[in-house]
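In this note's numbering, the protein residues as written are 825 to 1487.
Glycine included, C-beta positions come from ideal geometry on N, C-alpha and C.
Report on one structure; see the data block that follows.
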């Protein structure tokens, strides 16, 4: 299986092309093809992961600074003496990510059969999902900088297409543009970081980079590279201050939100930190910046989730907050804990979004104040989302989120970052509060909209079956990766990372402090939510009027306002600045001082226009183009499908050539 790992990203890419070209003639508009390809990738990825756990020395024969890995590559092109390649690299981290991406993608596509069926552009939706999955998989298996960046940018395109899939709605179109532009800002820094790595080390291969970086890169250069790379994470994984795109990305179909938030787009930024951990390990300054960015992002997003009423917006802020946890772990030098939480979060966050989609599908609103009591009408959705709730609040020993969250808190504790530990603990309290609020407002109590409640019903099997699978993973994946197949066997901890004596979860010298902090945050969060939303159930409008300053702090999107004012300043301030000059002085200088030069240049330009532009470029090349066009006119049949078929066959032949099929 591992010898054919290149098929894992290529198959969904091919499925996407086939559905775009021929979907209208395929059963279910090609949806079955996308689902089968996702299932095939999941099976192959699972076999590889089991092999990596059980026989790492056989499947991963190479040994580098980051552990064992398998590599296979094909020559692509050369830049001077540097050979660029297309290839795959499988290690423990990428093996786990392959399973996470293919599993969530498969479940989302099965779920979409019930959620999207009957809506416009059903086949194109599945083509975009396959393309999105392929983009993330290209990044995950990349063995070099260029291929990693290609997958990274293809995900930006995929997110644009899927967030704005319902482009008839202005909000969806605006959200897709906002996501695309905002993430491009971070990608600029990321790209500069990649160029700096390549020019400094002279190679793009990850296996070589890991070994050479320690010997070649000094602290100053390492800091510059690490901070530039981190710009990519700030954009893709929605960290301060580029987090503004993710709440608006909820305008896309809900299954798309599950895929973006769980296994693809936002996970790529954290995966970047893990893949380039050998660079960040050389720069304490960069690690400090990463850790504080993650901690402040986690806290700020949790505060924003407290007052949001749109169920998907609450989950969006929750994603930003949980990503902050992962970035915090990477910043304190423990990529193992960060990737562990990335894995468990993928399962319970996909479940939360798909569960929210099931609720929205039943009551036709996103607003939690219009829900209530739905646990009686939608028992499967309620029970499965209850499992996800246990996981995200880190309920001790019976949820996957407990083990991965404890790993992060333990890492912060061992680094003696007391302020960051306090921020992480308080964020955990807020997470328990707002997620309990979500469950109460949605499923508990009496219905607040009798008409919507009367029409509510449980979703079909294609939607509830993925929910059930994710519920099981939300409960047991953490236990499995802690006790049965330890995550430490997949992602080696860096030499500077926290000591093994601290433990990841329920053992270790720091367990008492960390567990006490977790239990205190959990208990206070539950008590606060019960007191506010069960015993008192206050009127939100009265609370806002009573505490206007606090309400504005939590509800106003201050970063969005800042960016709007900045854009306004950039557009209008230069004009005001120019108006401050004495235009009479400027005109006098232009007329007297530059006029003569301008007239001379005008005569030169006139001669060039008459003799070169018109004589050669226009008449000469124009005549040539006319003759060539007459010869090529026979190829123009006027049938668009023929053009698309030719383009697809050419692209497929180029793909086969690039992987060495034609030698």
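Item: Residues sharing a beta bridge with residue 966, DSSP; Value: 912
Item: Coil, strand or helix - residue 1309 by DSSP; Value: coil
Item: Residues of its chain near residue 866, where Cβ-Cβ distance is below 6 Å and the 5 sequence neighbours each way are ignored; Value: 926, 927 and 930
Item: Option in 1159, 1348 and 1175 with minimal Cα separation from residue 1228; Value: 1159
Item: Distance, residue 1089 Cα to residue 1151 Cα; Value: 15 Å
Item: Contiguous alpha helix (DSSP H) assignments of at least 4 residues, all confined to the segment 1141-1206; Value: 1159-1187 and 1198-1201
Item: Spatial distance of residue 1221 from residue 1293 (CA atoms); Value: 19 Å
Item: Given residue 1126 as reference, the closest of 1025, 1005, 1248 and 1352 once Cα atoms are compared; Value: 1248
Item: Minimum C-alpha distance to residue 982 - residue among 944, 1081 and 969; Value: 1081
Item: Cα-Cα separation between residue 986 and residue 1136, rounded to whole angstroms; Value: 16 Å
Item: Neighbourhood of residue 1087 by C-beta distance below 6 Å, restricted to the same chain and skipping five residues each side; Value: 924, 925, 928 and 1170
Item: Stretch pair the segment 1230-1239 + the segment 1264-1271: three plus CB contacts closer than 8 Å; Value: no
Item: Cβ shell of residue 826 (< 8 Å), same chain only, five flanking positions each side left out; Value: 872, 875, 883, 894 and 914
Item: Closer than 9 Å to chain B by CB, residue 1251; Value: No chain B appears in this structure, which consists of one protein chain only.
Item: Contact under 9 Å by Cβ, residue 1077 with residue 950; Value: no
Item: Residue 895 - containing beta strand (DSSP E), residue span; Value: 891-903
Item: Of the listed residues 1356, 1211 and 1074, nearest to residue 990 (C-alpha basis); Value: 1074
Item: Residue 843, buried or exposed, once every other Cβ within 10 Å from all chains shown has been counted against 16; Value: buried
Item: Beta-carbon separation (whole angstroms), residue 1031 vs residue 917, contact threshold 8 Å; Value: Residue 1031 to residue 917, Cβ: 14 Å. No contact.
Item: Cβ pair residue 1290, residue 935 closer than 9 Å; Value: yes
Item: Chain-order list of residues whose beta-carbon lies under 7 Å from that of residue 1411 (same chain, five-residue window excluded); Value: Residue placement at residue 1411 is poorly supported in this model, since its pLDDT is 46, which falls under 50; the coordinates still yield a value, given next. For residue 1411, where only same-chain residues beyond five positions count, there are no Cβ hits under 7 Å.
Item: Reduced DSSP secondary structure (H/G/I, E/B, other) of residue 1031; Value: helix
Item: Cutoff 8 Å; reference residue 999; Cβ partners in own chain excluding five residues on either side; Value: 987, 988, 1069, 1072, 1073, 1074, 1075 and 1076
Item: Residue from 1196, 1239, 1062 and 1259 whose Cα sits closest to the Cα of residue 1218; Value: 1259
Item: Whole-angstrom C-beta distance between residue 965 and residue 912, which should lie under 8 Å; Value: 4 Å
Item: Residue span of the alpha helix (DSSP H) that contains residue 1118, given as start and end; Value: 1108-1129
Item: Per-residue burial, residue 1149 [other beta carbons within 10 Å of its own, 16 or more giving buried]; Value: buried
Item: Stretch-stretch touch, CB-based, cutoff 8 Å, three pairs: the segment 1344-1355 with the segment 1239-1255; Value: yes
Item: Buried versus exposed, by CB contacts within 10 Å (16 or more), residue 1044; Value: exposed
Item: Local conformation of residue 1134 per DSSP, three classes; Value: strand
Item: As assigned by DSSP and simplified to three states, the class of residue 1026; Value: coil
Item: Cut-off 7 Å between Cβ atoms - residues of its own chain near residue 1153, not counting five sequence neighbours on either side; Value: 1161, 1162, 1165, 1232 and 1235
Item: Straight-line gap, residue 1297 to residue 905 (C-alpha atoms, nearest Å); Value: 48 Å
Item: For residue 953 and residue 1274, the rounded distance between their alpha carbons; Value: 36 Å
Item: Nearest-angstrom Cα separation, counted from residue 1238 out to residue 1140; Value: 30 Å
Item: Delimiting residues of the alpha helix (DSSP H) encompassing residue 865; Value: 855-878
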